[in-house]
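**Q**
2 protein chains.
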Amino acid sequence: MPNAETLVEVWRGSICESRHRGHAVIWDAGGDVVAAWGNPDMVILPRSSCKMIQALPLIESGAADAFGLNEAHLALSCASHQGAHIHTDMVETWLGSLGLDEAAFRCGPQMPNDKEARYGLIRAGEEPGQRHNNCSGKHSGFLTLGKHLGAGPEYVDLDHPVQRAAKAAFEEVTGEDSPGYGIDGCSAPNFACTLTGLARAMAGFAAAQGTGTARDRAQYRLTRAMAAYPHLVAGEGRACTRLMRAMEGRASIKTGAEAVFVAILPEQKLGMAVKIEDGTTRGAEAVITRLLIGAGLLDADHPDAIHYRHGPIRNWRGIETGQYRVTDSVTGWTL
Amino acid sequence: MPNAETLVEVWRGSICESRHRGHAVIWDAGGDVVAAWGNPDMVILPRSSCKMIQALPLIESGAADAFGLNEAHLALSCASHQGAHIHTDMVETWLGSLGLDEAAFRCGPQMPNDKEARYGLIRAGEEPGQRHNNCSGKHSGFLTLGKHLGAGPEYVDLDHPVQRAAKAAFEEVTGEDSPGYGIDGCSAPNFACTLTGLARAMAGFAAAQGTGTARDRAQYRLTRAMAAYPHLVAGEGRACTRLMRAMEGRASIKTGAEAVFVAILPEQKLGMAVKIEDGTTRGAEAVITRLLIGAGLLDADHPDAIHYRHGPIRNWRGIETGQYRVTDSVTGWTL
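Going down the list, the protein sequences come from chains C and P.
Sequential numbering of the first sequence, starting at 1049, is according to my numbering.
Sequential numbering of the second sequence, starting at 1049, is according to my numbering.
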């Protein structure tokens, strides 16, 4: 089995201080591998990178249309958001339209990453709620589907109709029988697949035309929703939001915990999937940034493209102390 | 050159989700390697793990005694502290005794990790100061030495007498000519060495008797100061503090950024040094914990020993979702 390969070096002064090894696959919707690094058969947990897959049953079941969800709702259902007011306000309104409040969630409370929201809670002496959880948009989608199906409240249980539907969609778009699962940070099951399976799934989203099967139309709507609302998919200052803005809607990208990153490239009908084996987000961000440059979608000189693939790394006084260096095996790739 | 080897696996459900590779060396003060993993000749930046080395000139020069520093001050000079009030109050008093205030620091402001201190600043609408920087104890030591030497205010410059003294001490205790350096998060130069050199330096501290040369007495005092004041070296909830408490003063340990961890074992006259190649702290914590168990200094069943080498990993609802597994090559080692 091929080993993980070094994809990113972290330099400080004259010393290569740390290294990130990993795996990456670029898959063509026609069914071919375009490029691969490390072990493309590596079994991974996609974590939040597969939220657009978990959202497929929300649309395909008719639930999204029955409850009048718009494109912004669909983007939020794919989000790992910052818990900013723009996110939590939408979640509260959405829950209200279902006749629910955040007590219906099973994602757990999380202090928001958004500074204004976090400082607001701390200054008010309040604890964060489940609406602040970065997955509360996905869970709003789960609750919508559960209500549409008339299913019970424990929607993160493995055998709940919502999770059974999510697993079925996951196995169909990855083209694999999932070999196992883990419980995610938000308590939903997260199904395993190979990195190739995840790239294949993203290529499927990329190829969707919005005019075919229910699957095709759902994939098309979710891909466009993410690209249209980059600030809902993550938030200000975050890689997904900044890089999608920099690409002006030409690709939909999504991060996942433990250093997973995926990209959907509709123009090229390609899917990308990256997993840094040590779980460090900076490594996955650097690699996906360089791959998007290689695909011709991201300007190498865009400030955010420089920021995520190169840095610089600065210290507490703002002094430049180092940088990231994506290795030649990645920088050598162009589409 | 031997490669980094997998030292820690991170499991979630039925899937090994992430892996940490790295290097480790255990060195005997007699001059022999006791055990090694990965590449013992790996050149690393020790970052904050070498603060007890950087503090040697503070004592050896006579500065510490001239300014009446006690054992708590010496512990704080080796600290990567949390910016809790117990730390910043000491720093402010120390600076005052030098006739200085925090404007003399060159470490930069850092939001404290200590929750009470952090929330206090946010609620008061105040920005953190340089006293909150995790390195402000080390920098208090630098300022003390600089004053004692009658040197100028730019004490983090590479050619300042304080840094020249730190480099000389570093090269002497590692037994190596440093092959380069980086600028640390706190703006001080951080000199490179091999992992073996760092373990050799820790073994030198371990062997100090407090009755010999100025070096021997300084090493002895710093080692005992760290063990006597574990809450000053890091802070509540932190690995250095919790594990030193669990060992009841039998070892002095110190973390460094980018996943370095060292241990000084006076009873055994051993030094340990760990570097996880990807820079992830959880990996270094798991490995040093298991090595301290293997050395007979840490009870494997102590709750903090379990916490750092095994977990469990819990999610936002407190549900156990996974655990760390230190690999057999490490768990198989006992002294």
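All C-beta atoms in this analysis are idealised placements derived from N, C-alpha and C, irrespective of residue type, glycine included.
On a predicted model such as this, the values are computed, not experimentally measured, just so you know.
Interface residues of chain C around P/Q1158 at Cβ under 7 Å?
**A** Neighbours of P/Q1158 on chain C, chain order: W1364.
**Q** What separation, rounded to the nearest whole angstrom, lies between the Cα atoms of C/S1097 and C/A1311?
**A** For C/S1097 and C/A1311, the distance between alpha carbons rounds to 9 Å.
**Q** Please say whether C/P1094 and C/V1335 have beta carbons closer to each other than 7 Å?
**A** Not in contact: C/V1335 and C/P1094 (Cβ atoms no closer than 7 Å).
**Q** Go to P/Y1277, then tell me how far its alpha helix (DSSP H) extends in each direction, as first and last residue.
**A** P/Y1277 -> no alpha helix (DSSP H), and no H or E assigned at all.
**Q** Can you give the Cα-Cα distance for P/A1214 and P/G1319, rounded to whole angstroms?
**A** Computed Cα separation, rounded: 20 Å.
**Q** Count the C-beta pairs between the region 1255-1263 of chain P and the region 1134-1144 of chain P that are closer than 8 Å, then say yes if the count reaches three, no if not.
**A** Because the criterion of three Cβ pairs below 8 Å is not met, the region 1255-1263 of chain P and the region 1134-1144 of chain P do not touch.
**Q** Taking CB distances under 7 Å as the criterion, tell me whether C/D1326 reaches chain P.
**A** Yes, C/D1326 lies at the interface with chain P (some Cβ there is under 7 Å from its Cβ).
**Q** Going by beta carbon distance, what residues of the same chain come within less than 6 Å of P/I1231, once the five residues before and after it are set aside?
**A** If we look at P/I1231 and ignore the five residues flanking it on each side, it has no Cβ neighbours.
**Q** Select from P/M1100, P/A1343, P/Q1211 and P/M1292 the residue whose C-alpha is nearest the C-alpha of P/D1352.
**A** Selected option, being the one with the closest Cα: P/M1292.
**Q** Taking 7 Å as the CB-CB cut-off, is P/R1060 touching chain C?
**A** Yes, because at least one Cβ of chain C sits closer than 7 Å to the Cβ of P/R1060.
**Q** Does DSSP put P/I1170 in a helix, in a strand, or in coil?
**A** P/I1170 falls in the helix class under three-state DSSP.
**Q** Output, in chain order, the set of chain P residues within a Cβ distance shorter than 8 Å of C/Y1277.
**A** Residues of chain P passing the Cβ test: none, with the nearest at roughly 24 Å.
**Q** Would you identify the three-state DSSP class for P/P1237, choosing helix, strand or coil?
**A** In this structure, P/P1237 counts as strand in the three-state DSSP scheme.
**Q** Would you mind working out which of P/G1131, P/K1317 and P/V1056 sits nearest P/C1183, comparing C-alpha positions?
**A** Ranking the options by Cα distance to P/C1183, first place goes to P/G1131.
**Q** Using a threshold of 7 Å, state whether the C-beta atoms of C/G1342 and C/T1303 are closer than that.
**A** No; because the gap between Cβ atoms is not below 7 Å, this pair is not in contact.
**Q** Which same chain residues end up closer than 6 Å to P/A1112 when comparing Cβ atoms and leaving out the 5 residues on each side of it in sequence?
**A** So the list reads L1106, once near-sequence residues are dropped.
**Q** In whole angstroms, give me the CA-to-CA distance for P/R1357 and P/V1374.
**A** Straight-line Cα distance between these residues: approximately 7 Å.
**Q** Return the CA-CA distance between P/S1125 and P/P1237, expressed in angstroms with no decimal places.
**A** Between P/S1125 and P/P1237, the C-alpha separation is close to 16 Å.
**Q** Below 8 Å between beta carbons is the criterion; list the residues of the region 1299-1319 of chain C that meet it against any residue of chain P, in chain order.
**A** Residues passing the 8 Å Cβ filter: E1306 and A1307.
**Q** Would you give the residue range spanned by the alpha helix (DSSP H) that C/L1191 belongs to?
**A** Counting along the chain, the alpha helix (DSSP H) containing C/L1191 begins and ends at S1184 to L1197.
**Q** Taking the alpha carbon of P/S1226 as the point to measure from, which residue in P/G1194, P/C1241 and P/E1220 has its own alpha carbon closest?
**A** Of P/G1194, P/C1241 and P/E1220, the residue nearest in Cα terms is P/C1241.
**Q** With 8 Å as the C-beta to C-beta threshold (strictly closer), list the residues of the region 1340-1358 of chain C near chain P in chain order.
**A** Against chain P - using a Cβ distance shorter than 8 Å - the region 1340-1358 of chain C contributes no residues.
**Q** My output table needs one value for P/H1355: the three-state DSSP class, helix, strand or coil.
**A** Helix at P/H1355.
**Q** Show which residues of chain C have a CB atom less than 7 Å away from the CB atom of P/R1240.
**A** It is Ala, not Arg, that sits at residue 1240 of chain P in the sequence shown. Within chain C, the residues near P/A1240 are I1063.
**Q** Counting only Cβ pairs nearer than 7 Å, list the residues of chain C close to P/L1093.
**A** The contacting residues are R1060, I1063 and E1065.
**Q** Would you mind reading off the limits of the beta strand (DSSP E) that contains P/C1064?
**A** Per DSSP, P/C1064 belongs to the beta strand (DSSP E) from I1063 to D1076.
**Q** Check C/K1317 in the structure and name its three-state DSSP category.
**A** DSSP places C/K1317 in coil when its eight states are reduced to three.
**Q** Could you name the residues of chain C that P/C1155 contacts, counting a contact when the two beta carbons are closer than 8 Å?
**A** Per Cβ cutoff of 8 Å: W1364 and R1365.
**Q** Whose CA, out of P/H1129, P/Q1158, P/S1128 and P/H1121, lies closest to the CA of P/T1141?
**A** For P/T1141, the nearest C-alpha among the options comes from P/H1121.
**Q** Can you list, in chain order, the residues of the region 1189-1217 of chain C whose Cβ is nearer than 7 Å to any Cβ on chain P?
**A** So nothing in the stretch comes that close.
**Q** Find out if the Cβ-Cβ distance for the pair P/A1385, P/G1297 is shorter than 7 Å.
**A** In the structure as shown, chain P starts at 1049 and stops at 1383, and residue 1385 of chain P therefore has no counterpart that could be examined.
**Q** Consult DSSP for P/E1224 and reduce its assignment to one of helix, strand or coil.
**A** Correct three-state label for P/E1224: coil.
**Q** With respect to the beta strand (DSSP E) encompassing C/A1084, which residues constitute its N-terminal and C-terminal limits?
**A** It spans V1081 to W1085 - the beta strand (DSSP E) in which C/A1084 sits, taken as one unbroken run.
**Q** Does DSSP put P/A1305 in a helix, in a strand, or in coil?
**A** Three-state result, P/A1305: coil.
**Q** Determine the chain P residues that contact C/Y1229 at a beta-carbon separation under 8 Å, and present them in chain order.
**A** Simply G1061, S1062 and I1063.
**Q** Against chain P, with Cβ distances strictly below 7 Å, would C/T1369 count as a contact?
**A** With 7 Å as the cut-off, C/T1369 counts as an interface residue toward chain P.
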